[in-house]
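> Just so you know, our numbering puts the end of the sequence shown at 1217, numbered straight through with nothing missing. Every residue gets a Cβ at the ideal spot worked out from N, C-alpha and C, and that includes glycine.
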Amino acid sequence: SEKAEEIEQRVKIMISSITEQVFSNICRGLFNTHKLIFSFLIAFKICKGTGEISEEEWSMLLRGAMIDKIKKDYKNPLPELIDQKQWRLIMNLEMVHENFNELPEQFERNKEQWKQWIQITKNPTKLPFPGGLDERITLFQRLLIFKALKPERLSFLCREFIQKKLGKQYAVVKPISMDEIYDDSDNKTPLTFILTQGADPTFSIINFAKTVKGEDLENKMYIISLGQGQDKVALARIQESVQSGAWVMLQNCHLYKSFMAELESQVLAISESTHSEDFRLFLTSMPCEYFPVSVLQNSIKITSEPQKGIRANLLGSVRGFKDEFFESCKKKEDLKKFAFSICCFHAIIHERKKFGSLGWNLTYDFNESDFEASQTIIKSILNEDKDDIAWDAINYLVGEIIYGGRVTDNQDRRCLNSILETFICPGILEEGYAFTSSGIYKLPPRGSNVEEMLEYVQSLPDVDSPEIFGMNDNADIA
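1) Between which residues of its own chain and Asp1062 is the CB-CB distance below 8 Å, once the five residues before and five after are set aside?
2) Check whether the region 1048-1056 touches the region 1023-1036, taking contact to mean three or more Cβ pairs, one atom from each stretch, closer than 8 Å.
3) Classify Pro843: buried if its beta carbon has 16 or more other beta carbons within 10 angstroms, exposed otherwise.
4) In the DSSP assignment, what residue or residues form a beta bridge with Met988?
5) Exposed or buried, Met988, counting other C-beta atoms within 10 Å across all chains shown (16 or more means buried)?
6) Where Glu1011 and Ser1033 are concerned, what is the direct C-alpha to C-alpha distance, given to the nearest angstrom?
7) Classify Asn831 as buried or exposed, calling it buried when 16 or more other Cβ atoms lie within 10 Å of its own Cβ.
8) Taking the alpha helix (DSSP H) that Ser894 belongs to, which residues open and close that run?
9) Which of the three DSSP states, helix, strand or coil, is assigned to Ala1173?
10) Can you tell me whether DSSP reads Leu934 as helix, strand or coil?
11) May I have the straight-line CA-CA distance separating Thr1161 from Phe1174, to the nearest angstrom?
12) Could you name the residues of the same chain whose beta carbon sits closer than 8 Å to that of Asn1156, not counting the 5 residues immediately before and after it, in chain order?
13) Mark Asp1104 as exposed unless 16 or more other C-beta atoms lie within 10 angstroms of its C-beta, in which case mark it buried.
14) Contact check, Tyr995 vs Arg976 under 8 Å by CB: the rounded distance?
15) Taking the alpha-carbon positions, what's the Phe1231 to Ser793 distance?
16) So, under 8 Å CB-CB, Met1192 and Phe1079 are touching, yes? Tell me the CB distance rounded to an integer number of Å.
17) Run through the region 1047-1079 for me and flag every whole alpha helix (DSSP H) of 4 or more residues, listed as ranges in chain order.
18) Do Ser964 and Gln990 have their CB atoms nearer than 7 Å?
19) Rounded to the nearest angstrom, what separates Asp873 and Leu883 at their Cα positions?
20) Need the endpoints of the beta strand (DSSP E) that Lys1040 sits in, please.
21) Nearest to Asn958 by CA position, among Pro940, Gly1186, Asp939 and Val981, is which residue?
22) Within the same chain, show all residues whose beta-carbon is closer than 6 Å to that of Tyr921, passing over the 5 residues directly before and after it, in chain order.
23) Would you check if the distance between the CB atom of Ile933 and the CB atom of Thr1042 is smaller than 7 Å?
24) Contact check, Glu1090 vs Asp1203 under 8 Å by CB: the rounded distance?
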């Protein structure tokens, strides 16, 4: 951590550094849906310790309205917009903290302003409250008012609260890299990847192994997909590798329930024996109740999930670009435009799943192989000795065969091809082409290299606007 002459300053730096390190280590074993909750709990505990948040305020956020905790039963001034449960919570707030004194009367005095505020749907978390209420309440107390009036926006405001109290790195957790995981590992501690639907860390582990052990992985890494009859093979490879220093990866442990007891014994034996410092054991498994608890407790746990959010998806895809791929194309600058457009298209159709039936009628498993195949097809078409680009052929191959081949619902296929028309069209070759009317999501300038593309992606918003999906602002509530 950073050094400092003053003891108080040094202590603050150490606390900040230790908190961030613990947060990072725990987060790599949490699923994305739980990371924001964990960050919020840390922020709350710190604020409670400093006296900024009281137990009553925290209880109100968790439990909501209480029947008997009111000063006076005020009449609801906006019954058409605020239901009785919401209004009771507003009355409860008056008893929670002095900053909320006369809050119900404030609603009555500024009834028309509150009516306008409640009806606003675009970025309400950025708007001030009527009657100068923001001047006398804390950031956490702002959360309580949103819980009462706009509970569907609470998660967005929680993210803002975390970012202001702890920093951006707690609100938007960066993906863990194999380098960081490897640095924390040793020859006696397994690395357990907890899988989710549509996620497979095998490709990234193999690529990392090549950077550590060289391109030729023969006798340096063994990958065994567990199943009936593979137990003897797995045990033999482990026993051989602990001496030679090779890596062993046991895939899909959840598919071989009867082998789990033997695996537990083997992991225990590895932790108690002396062997090669280069040895590593990788395990992958879907969550299951029969996976050995002792193995989980004694391993480095990493959740393997598809990237969440447009920005994270784009970062993952663009990092996979190689300059050699573009240099070997006759129209390399055009290929860069196509490649980035396909990245955006891939991210958007993947992220539409979060909108439920508003996104797709059915669930589809679009994956990296679709993205790679699309790039290869486009490159081969651009390498043809023709002046004109076969736009119809590219749209048909990508929209109807590669991605469309997974789509079984006719309306979903129509939607997919409609989205594709924004990302595969003659306009993408023009300078300054944007995918949205706001201009936030656009193509990097012609001539950009991979590093410059990454810089642009890093500048994109952390939270996706419904605009990029072609949806109304209210789609976020879904």
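This is what the structure holds:
1) Asn1188 and Val1189
2) Flag = no, the region 1048-1056 and the region 1023-1036 do not touch.
3) buried
4) Ile962 and Phe1021
5) So Met988 ends up on the buried side.
6) 14 Å
7) buried
8) Leu893 to Lys904
9) strand
10) For Leu934, the secondary structure class from DSSP, reduced to helix, strand or coil, is strand.
11) 7 Å
12) Asn1134, Gly1138, Glu1139 and Gly1143
13) exposed
14) No, Tyr995 and Arg976 are not in contact; Cβ-Cβ is about 15 Å, not under 8 Å.
15) What the structure shows of the chain is the stretch from 740 to 1217, and residue 1231 is not part of that stretch, so it cannot be assessed.
16) 6 Å
17) 1049-1057 and 1062-1066
18) yes
19) 12 Å
20) That run of the beta strand (DSSP E) goes Ile1039 to Ser1043.
21) Looking at the Cα atoms, Val981 is the closest of the given residues.
22) none
23) For Ile933 and Thr1042, yes; Cβs fall inside 7 Å.
24) Right, their Cβ atoms sit about 7 Å apart.
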